[in-house]
Amino acid sequence: MWRWVRQQLGFDPPHQSDTRTIYIANRFPQNGLYTPQKFIDNRIISSKYTVWNFVPKNLFEQFRRVANFYFLIIFLVQLMIDTPTSPITSGLPLFFVITVTAIKQGYEDWLRHNSDNEVNGAPVYVVRSGGLVKTRSKNIRVGDIVRIAKDEIFPADLVLLSSDRLDGSCHVTTASLDGETNLKTHVAVPETAVLQTVASLDTLLAVIECQQPEADLYRFMGRMIITQQMEEIVRPLGPESLLLRGARLKNTKEIFGVAIYTGMETKMALNYKSKSQKRSAVEKSMNTFLIIYLIILISEAIISTILKYTWQAEEKWDEPWYNQKTEHQRNSSKILRFISDFLAFLVLYNFIIPISLYVTVEMQKFLGSFFIGWDLDLYHEESDQKAQVNTSDLNEELGQVEYVFTDKTGTLTENEMQFRECSINGIKYQEINGRLVSEGPTPDSSDGNLSYVNSLSHLNNLSHLTTSSFRTSPENETELIKEHDLFFKAVSLCHTVQISNVQTDGIGDGPWQSNLAPSQLEYYASSPDEKALVEAAARIGIVFIGNSDETMEVKTLGKLERYKLLHILEFDSDRRRMSVIVQAPSGGEIEKTRIHVDEFALKGLRTLCMAYKRLTSKEYEEIDRRLFEARTALQQREEKLADVFQFIERDLILLGATAVEDRLQDRVRETIEALRMAGIKVWVLTGDKHETAVSVSLSCGHFHRTMNILELTNQKSDSQCAEQLRQLARRIKEDHVIQHGLVVDGTSLSLALREHEKLFMEVCRNCSAVLCCRMAPLQKAKVIRLIKISPEKPITLAVGDGANDVSMIQEAHVGIGIMGKEGRQAARNSDYAIARFKFLSKLLFVHGHFYYIRIATLVQYFFYKNVCFITPQFLYQFYCLFSQQTLYDSVYLTLYNICFTSLPILIYSLLEQHIDPHVLQSKPTLYRDISKNRQLSIKTFLYWTILGFSHAFIFFFGSYFLIGKDVSLLGNGQMFGNWTFGTLVFTVMVITVTVKMALETHFWTWINHLVTWGSIIFYFVFSLFYGGILWPFLGSQNMYFVFIQLLSSGSAWFAIILMVVTCLFLDIVKKVFERQLHPTNTEKAQLIKANSSIKCLDSMCCFSEGETACTSVGRMLERVVGRCSPTHVSRSWSASDPFYTNDRSILTLSTMDSSTC
1 MWRWVRQQLG FDPPHQSDTR TIYIANRFPQ NGLYTPQKFI DNRIISSKYT VWNFVPKNLF
61 EQFRRVANFY FLIIFLVQLM IDTPTSPITS GLPLFFVITV TAIKQGYEDW LRHNSDNEVN
121 GAPVYVVRSG GLVKTRSKNI RVGDIVRIAK DEIFPADLVL LSSDRLDGSC HVTTASLDGE
181 TNLKTHVAVP ETAVLQTVAS LDTLLAVIEC QQPEADLYRF MGRMIITQQM EEIVRPLGPE
241 SLLLRGARLK NTKEIFGVAI YTGMETKMAL NYKSKSQKRS AVEKSMNTFL IIYLIILISE
301 AIISTILKYT WQAEEKWDEP WYNQKTEHQR NSSKILRFIS DFLAFLVLYN FIIPISLYVT
361 VEMQKFLGSF FIGWDLDLYH EESDQKAQVN TSDLNEELGQ VEYVFTDKTG TLTENEMQFR
421 ECSINGIKYQ EINGRLVSEG PTPDSSDGNL SYVNSLSHLN NLSHLTTSSF RTSPENETEL
481 IKEHDLFFKA VSLCHTVQIS NVQTDGIGDG PWQSNLAPSQ LEYYASSPDE KALVEAAARI
541 GIVFIGNSDE TMEVKTLGKL ERYKLLHILE FDSDRRRMSV IVQAPSGGEI EKTRIHVDEF
601 ALKGLRTLCM AYKRLTSKEY EEIDRRLFEA RTALQQREEK LADVFQFIER DLILLGATAV
661 EDRLQDRVRE TIEALRMAGI KVWVLTGDKH ETAVSVSLSC GHFHRTMNIL ELTNQKSDSQ
721 CAEQLRQLAR RIKEDHVIQH GLVVDGTSLS LALREHEKLF MEVCRNCSAV LCCRMAPLQK
781 AKVIRLIKIS PEKPITLAVG DGANDVSMIQ EAHVGIGIMG KEGRQAARNS DYAIARFKFL
841 SKLLFVHGHF YYIRIATLVQ YFFYKNVCFI TPQFLYQFYC LFSQQTLYDS VYLTLYNICF
901 TSLPILIYSL LEQHIDPHVL QSKPTLYRDI SKNRQLSIKT FLYWTILGFS HAFIFFFGSY
961 FLIGKDVSLL GNGQMFGNWT FGTLVFTVMV ITVTVKMALE THFWTWINHL VTWGSIIFYF
1021 VFSLFYGGIL WPFLGSQNMY FVFIQLLSSG SAWFAIILMV VTCLFLDIVK KVFERQLHPT
1081 NTEKAQLIKA NSSIKCLDSM CCFSEGETAC TSVGRMLERV VGRCSPTHVS RSWSASDPFY
1141 TNDRSILTLS TMDSSTC
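Each residue of the sequence shown is one higher than the last, beginning at 1 in this note's numbering.
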């Protein structure tokens, strides 16, 4: 029970040692001295809250907001002392905000709980008591033997015991873990591989000793001790024996494995970061502004308190005849009275920071998030998927992104390799509709001599080498094989491709065309390149049929050929090659092939060279002996194998080269180029191999052809890494004109981040593009963390589609999940989910731009209108002896932010489009105008604050000097009273701040008109009813007949109009001259209309050359509201202005002559 409680509260039981001992099938020793180790259950938890901690944890997170904490203090003050306003005015809105936010966050976490329950409740089969028992995934215990069928996902980290294959091997895909969709082969130890039934497994007596859980996906060390006939057999266990949770079984009927890591201790779970509450830059700015306004509030309260006691220092004002003190007041402590008065003033002025701001922001974020899901441009018709919003708190952060970190496989690419070109004996071919088409004249390759196949080899040009060898069979030496047939036989035989659903009839009837239906063969490969090449060879007419009993079958021109597979020389990153030796039934044009390979590489294609070698029987026997000795060695096995491989893979005869394209998603190149133009730096973080990652970076435009590619790879020590970083830094400084791209692998990155963070960051900042390959999931998160905490504090965005990307998605300020082919873990754990990478441009440039402008204006406007609201209250204290008398009626105090001025800004924050969306997407450079939180800078904040104070002074002193002492306002000569004066100030204020909002609006709909003018009308109608009727439920009604009396005065109407015009006129003049003399790019772009006859996307088209500031007052007023009539536009340009022909030319920065605009 106590352990369960500890797990519920998030505490895991501590491990007692560095290793764990696991008894397979939980057959513990019976001697009574053994105490089993305690392991956690198999539940996955991605949610933030539980039933037990939701209330305290959620309240703690909400009261981290300065505003919420502030209003809590105000509410408590109102409860403790006698204040001018009721505690309800602060307590009720605070309770509403806390409740709404808690419900929203609780609902989001409830969805995560449902997702966890779906995973934890998945049915699985375990071996217990000599039979298969069906249970749920969460009930798997460490030591249980689990049966997994084909295409099922492993529910825990398992050590493979056996499969339906005699050799105990199986194939899995780890796409959701490391992003690689290719198949990987895992093998069981020989002693357990033969136990293929439940009954035989029930007799197994074995113990596994292994390391405690760690996050590294590629590292595992352990051993299995098997007891057979009273003897113990020890077998080493490595990564090849470990089946990771989240991986999927492929091309294998079923396997049995023993669970060694479960639940949150699996490698997949350890690579998840704990989900924390993300806070946007706008919210942080709001908190900063709030602190400034708190200082203003406290200052006003202190000034008012001091002036009150200064004023009361005179006896006639201390206790006037109409306000005698009680005995208790005379005897009370002066210090307590001072504190009480200070708190009372604090409550009186606290409306300068309205809690309605946070209510409106929450509503704006929640309602605004629906527009992303409704956007048809973000809908992917093929997969029937629309954009999803999982967290609405970060909408505006989409407009502040400075770094984009993206996965490669499945995010930039479609996970589909396609054969494009090849070079055979110095002649280049392209595949067109299943035919090989030569690009030039084909010389006669027949010279009357017979060539025989002895060895075929893949040899990767420049960056990696792959070879394969054949042993000649004497009875087949007289068979004639053409060079191109030999080339594609090498392709069809040198691989580790597996096949299922084989149907061989009618395949490959012609040498250069295909009769192969896609459904006839299904290939599975450990490398996507291998799969693409074998499929290409099948289309050409040389079809790999499959392998069985160490025999590989190939159908050539309808004729079946069998080759005995003798040895496979596996691929490794040091040799960068892979070979096969087979037993089977001329030299190449090296220079021409090298030229062709360079051409392929410049196109961003993945190049692979083909070669062969003839082996005699004596040579093969020597190779076979040396391979056996190396593979059975217990010490330095890898080094010995490398020496043998090097001995075999030399003196090869070149056949040709292939070029394979990793198919990119649609419009990836344009999207990356647009991000670059917007000032966003793009980093690619992938778990793929170095060569694969670089190739895709070139093809997607992340790396340019002319870019100088720098490498920080294969670093073995801190000193070596530091020296390499210093060399790279020197090269960048020496070649400062050239653009640089950096490639770094996971091992080198770990060394760089350990001791040389500053040097590494300096190199990265000076590179136009950075590619990180062979990255573990947590390394991706660490890189993002490093950028986040750098001195510039940039806003980061991470994009990924697999479970291996969850850590970086959760680490970045904004996480985007791609709903691709690698499951839904990334989409579920992201803030936003989209179907394709290309949708990122509209999500940032349009939605992000709009959200940021809307909420930035909302925040500034709220502070502005509340400065206007409270400053007259502060000024009024100078005329009422600081008696804490309110200027406004209590109903007006409550409804000002709730009803009278709330709807126009809310609708603005939902619907405003200050620039046409097509212009925003076509001109990514406009994104720079809002970067680094510029709309919420101190300069802009001071402008709105000073504007609010100036308007408040006009409201108060305008009303005071115009009608405050005028005895002619009423027919009986009676002057206006206190409530009439306050109502006049309030009326001018409501009209002014509403019209100010109208001036800020560029995109008008009927809803805007309704709420803007409707708010003013509602205020008048409400005031007439409120003051024109005696309401029985109100104890006192100070406003009875006041508003009607005010409106009956012509002077009051004149004063209202004059003060409103005065307030807004200066603001209009400022905007006119700013737009005319120093227009920003955004203000220029506002002149563009989507349906206008102006075709130039550069808004300079709307500015006449040499036009002066005072050319047309009417034209200037049009610019105030961001409108430009096409009939009034002079289409001439300055010679220095850049112009672009169309969307594509904008992305490539190509210029055009102005006469074409």
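Backbone N, C-alpha and C define an ideal beta-carbon position, used for all residues, glycine too. Being a predicted model, the structure only gives us computed values, none of them experimental.
Nearest-angstrom Cβ-Cβ length linking residue i and residue j, presumed shorter than 8 Å
{"i": "residue 826", "j": "residue 818", "result": "7 Å"}
{"i": "residue 803", "j": "residue 268", "result": "6 Å"}
{"i": "residue 105", "j": "residue 58", "result": "6 Å"}
{"i": "residue 258", "j": "residue 159", "result": "5 Å"}
{"i": "residue 714", "j": "residue 745", "result": "7 Å"}
{"i": "residue 209", "j": "residue 21", "result": "5 Å"}
{"i": "residue 985", "j": "residue 959", "result": "5 Å"}
{"i": "residue 44", "j": "residue 119", "result": "5 Å"}
{"i": "residue 591", "j": "residue 578", "result": "Residue 591 to residue 578, Cβ: 25 Å. No contact."}
{"i": "residue 218", "j": "residue 239", "result": "6 Å"}
Span of the beta strand (DSSP E), counted from its first residue to its last, around residue i
{"i": "residue 148", "result": "145 to 149"}
{"i": "residue 430", "result": "427 to 432"}
{"i": "residue 709", "result": "708 to 712"}
{"i": "residue 717", "result": "Note, residue 717: premise wrong, no beta strand (DSSP E); not H, not E."}
{"i": "residue 745", "result": "740 to 745"}
{"i": "residue 523", "result": "522 to 524"}
Per DSSP, cross-strand counterpart(s) of residue i
{"i": "residue 406", "result": "684, 799"}
{"i": "residue 385", "result": "380"}
{"i": "residue 921", "result": "In the DSSP output, where bridge partners are listed per residue, residue 921 has none listed."}
{"i": "residue 735", "result": "DSSP lists no partner for residue 735."}
{"i": "residue 827", "result": "Per DSSP, none; premise fails for residue 827."}
{"i": "residue 118", "result": "Per DSSP, none; premise fails for residue 118."}
{"i": "residue 231", "result": "228"}
{"i": "residue 568", "result": "580"}
{"i": "residue 815", "result": "798"}
CB contact below 8 Å: residue i versus chain D
{"i": "residue 863", "result": "The displayed structure is made up of one protein chain only, and chain D is not part of it."}
Extent of the continuous alpha helix (DSSP H) to which residue i belongs
{"i": "residue 996", "result": "978 to 1000"}
{"i": "residue 767", "result": "Counting along the chain, residue 767 falls outside any alpha helix (DSSP H), and DSSP gives it neither H nor E."}
{"i": "residue 1081", "result": "1081 to 1085"}
{"i": "residue 777", "result": "777 to 788"}
{"i": "residue 677", "result": "668 to 677"}
{"i": "residue 906", "result": "902 to 911"}
{"i": "residue 852", "result": "849 to 876"}
{"i": "residue 842", "result": "839 to 842"}
{"i": "residue 1074", "result": "1050 to 1077"}
{"i": "residue 134", "result": "From DSSP, residue 134 is part of no alpha helix (DSSP H) but of the beta strand (DSSP E) over 131 to 136."}
{"i": "residue 368", "result": "356 to 368"}
{"i": "residue 192", "result": "190 to 193"}
{"i": "residue 1028", "result": "1006 to 1028"}
{"i": "residue 939", "result": "938 to 963"}
{"i": "residue 484", "result": "483 to 493"}
**OP:** Answer yes if the segment 665 to 673 comes into contact with the segment 746 to 758, meaning at least three C-beta pairs across the two stretches below 8 Å, and no otherwise.
**Re:** no
Original post:
Does the segment 523 to 535 come close enough to the segment 486 to 497 to have 3 or more Cβ pairs within less than 8 Å?
Top reply: yes
**OP:** Spell out a yes or no on whether the segment 901 to 916 and the segment 830 to 837 are touching, meaning 3 or more CB-CB pairs, one atom from each, closer than 8 Å.
**Re:** no
**OP:** Write down every uninterrupted run of the beta strand (DSSP E) in the segment 245 to 299 whose length is 3 residues or greater and which is fully enclosed by it, in chain order.
**Re:** 248 to 250, 254 to 261
Original post:
So does the segment 147 to 156 actually touch the segment 244 to 255, counting three or more Cβ pairs closer than 8 Å?
Top reply: yes
Original post:
Taking three-plus beta-carbon pairs below 8 Å as touching, is the segment 922 to 929 in contact with the segment 373 to 387?
Top reply: no
Subject >> Meets three-Cβ-pair contact criterion under 8 Å: the segment 1050 to 1062 and the segment 936 to 944 >> reply: no
Original post:
Along the chain, which unbroken stretches of the alpha helix (DSSP H) at least 4 residues long are found entirely within the segment 54 to 95?
Top reply: 54 to 62, 66 to 80
Original post:
Quick check: the segment 869 to 881 against the segment 330 to 350, are there 3 or more CB pairs under 8 Å?
Top reply: yes
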